[in-house]
Every structure is written in structure tokens, then in C-alpha cells.
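So the sequence shown is numbered by the numbering used here: it starts at 1211 and just counts up by one. For every residue, glycine included, the Cβ atom is placed at its ideal position computed from N, Cα and C. Keep in mind that this is a model prediction, so the values were computed, not measured. The structure appears right after this line, and notes come after that.
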Amino acid sequence: MTQDKLVRDKVVDALRQAILDGALQPGRRLTERELTELTGVSRTSVREALRRLQAEGLVEESPSRGLRVTTPTAEEIEQIYEIRAELEPLAVRLFVERATQEEVDELASVTQELNPGGDANKDVLDRFDGILLAGCRNPMLAELLGGLYSRIHALRRISAATPGRMTVTKQEYADLIEAIRRRSAADAAEVARRHVSAARASARVAMSLLTQEAD
1211 MTQDKLVRDK VVDALRQAIL DGALQPGRRL TERELTELTG VSRTSVREAL
1261 RRLQAEGLVE ESPSRGLRVT TPTAEEIEQI YEIRAELEPL AVRLFVERAT
1311 QEEVDELASV TQELNPGGDA NKDVLDRFDG ILLAGCRNPM LAELLGGLYS
1361 RIHALRRISA ATPGRMTVTK QEYADLIEAI RRRSAADAAE VARRHVSAAR
1411 ASARVAMSLL TQEAD
């Protein structure tokens, strides 16, 4: 790996994380000059990083020229959840069939960290997703779902902080873990379908809040 590529990869990782963490909010205009000063690398490296993030759907062209952090439309959100409703139950079913007992225990342990009154739930959900996608032993499926999760990162962050949502989510995850421990792929997939349906409804509320933030 060349030094230039190593630098570009680090810039991509840093900017991606800033977007996913909410440090760079949806709709935030991104300029090469600002990002060059922020990261301490050349404009060429920043330009390449932005191209890659645009390909991932995290950055989009701004109507007023330049680039900005992607703000998904209501129509795009509906499309994403239609796809998620099909892919996530599949990932859960494959996890039940292919995951080791150690991975099942790790998934259950992470679920216990969900705190309805806490402020780190988004990080816990991200770790849960990582374990689930690794345990399903299907890299292509993991890549597809990972891309969807990235596109709705802001909605998931807002939804996780919505009063009452985490209490429901924790119970949904507890039901999912119970089905996984029994190695019942059908039951686990059904729980996942219900979870995505509830998440979709929550995303609509989060979308409204996100629009208000942008205003």
C-alpha cells in the first residue's frame, strides 16, 4: 500500500466517522478548504475522500454548488426500509444457522447494554449490527445492509434518542436474542420483521425532526 493511499484511507475513515457520529450533520456543506484544514492533508486527498464518500451515499451534490452531507428524502427513506425489511430478516436467519455460540453470547451481551435513559445507544446498536453481519457469514449481504445503515445513520441517531423508542427496542432485541438462543431461524426472522416495521414508523418521526433541525 502506497503512502498516498494510506493517507486517503485515513481521511475517508475520519470523515465517514464524523458523519456517522453526527459531528458533520445532514445538510452540512463540505468544502475542500475546510476539510483540508481539519484533516491536515492535501486537497487532492480530500477530493478523493469526498468522491468515495459520495459513492457510499454519505455525501451528495448541493443545489448551491459543492458537496454536502447527504440528507435523505422521505421517498428514499421509504425505499431503504422496504429493502431493509427483506434483507435484515435474512441476515438474522443466516446468523441463527451459522453463528458460533460465542457470537450468540456476544450479541446477547451487547443487547444488555441498551439503556432507555442513556446517550450511547447508537454506539451499542452499531456494535450489535457489526456482530450480526459478521455472524451471518455472507459478506455481500453484510455490505448491502451496512450501506443501508450508513444512509439512515442520522435517522437512527435521532430515533435512538426519541423518548420511549429505546424501551421498545430493548424488548424487541430481547425477543430476538431469545429466538436466536433457541436456534429458531423462523421465529428470529419474524421478530426481525416486526422490529424493522417498528423502526420504519420511528424513522418517519425522526425524518420530521431531522427536517426541523435543517430548518
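Using C-beta distances below 7 Å, list every residue in its chain close to residue i, excluding the 5 sequence neighbours before and after it, in chain order.
{"i": "L1263", "result": "V1222, L1225, R1226 and V1269"}
{"i": "A1228", "result": "L1234"}
{"i": "E1307", "result": "A1395"}
{"i": "V1314", "result": "I1390 and R1391"}
{"i": "A1419", "result": "Note on identity: in this sequence residue 1419 is Leu, with Ala being the wrong assignment. I1368."}
{"i": "A1413", "result": "I1287, Y1291, I1362, L1365 and S1369"}
With respect to the alpha helix (DSSP H) encompassing residue i, which residues constitute its N-terminal and C-terminal limits?
{"i": "E1247", "result": "E1242 to T1249"}
{"i": "T1321", "result": "Q1311 to T1321"}
{"i": "R1308", "result": "A1284 to R1308"}
{"i": "L1335", "result": "N1331 to G1345"}
{"i": "A1389", "result": "R1375 to R1391"}
Would you call residue i buried or exposed, if buried means 16 or more other Cβ atoms sit within 10 Å of its Cβ?
{"i": "I1293", "result": "exposed"}
{"i": "A1416", "result": "buried"}
{"i": "N1325", "result": "exposed"}
{"i": "L1317", "result": "buried"}
{"i": "M1376", "result": "buried"}
{"i": "K1215", "result": "exposed"}
{"i": "S1369", "result": "buried"}
{"i": "A1265", "result": "exposed"}
{"i": "E1285", "result": "exposed"}
{"i": "R1253", "result": "exposed"}
{"i": "E1312", "result": "exposed"}
{"i": "S1274", "result": "exposed"}
{"i": "S1407", "result": "exposed"}
Grab the span of the beta strand (DSSP E) containing residue i for me, first residue to last.
{"i": "E1271", "result": "V1269 to E1271"}
{"i": "L1351", "result": "Element bounds for L1351: not the beta strand (DSSP E) but the alpha helix (DSSP H), P1349 to R1361."}
{"i": "L1277", "result": "L1277 to V1279"}
Just verifying my parser: in three-state terms, what is the DSSP assignment at residue i?
{"i": "R1238", "result": "coil"}
{"i": "A1259", "result": "helix"}
{"i": "S1252", "result": "coil"}
{"i": "E1266", "result": "coil"}
{"i": "L1324", "result": "coil"}
Quick one: residues in its chain with C-beta nearer than 6 Å to the C-beta of residue i, no 5 flanking neighbours on either side, listed in chain order?
{"i": "Q1291", "result": "The identity of residue 1291 in the sequence shown is Tyr, whereas the question assumes Gln. For Y1291, where only same-chain residues beyond five positions count, the Cβ hits under 6 Å are R1410."}
{"i": "H1405", "result": "E1382"}
{"i": "T1321", "result": "Y1383 and I1387"}
{"i": "A1402", "result": "E1298, P1299 and V1302"}
Leaving out five residues before and five after residue i in sequence, what residues of the same chain have Cβ atoms less than 8 Å from its Cβ?
{"i": "L1342", "result": "A1301, V1302, F1305 and L1317"}
Point to revise | Any 3 or more C-beta pairs closer than 8 Å across the region 1357 to 1368 and the region 1284 to 1304 | key: yes
Point to revise | Cβ contact (3+ pairs, closer than 8 Å) linking the region 1302 to 1321 and the region 1336 to 1350 | key: yes
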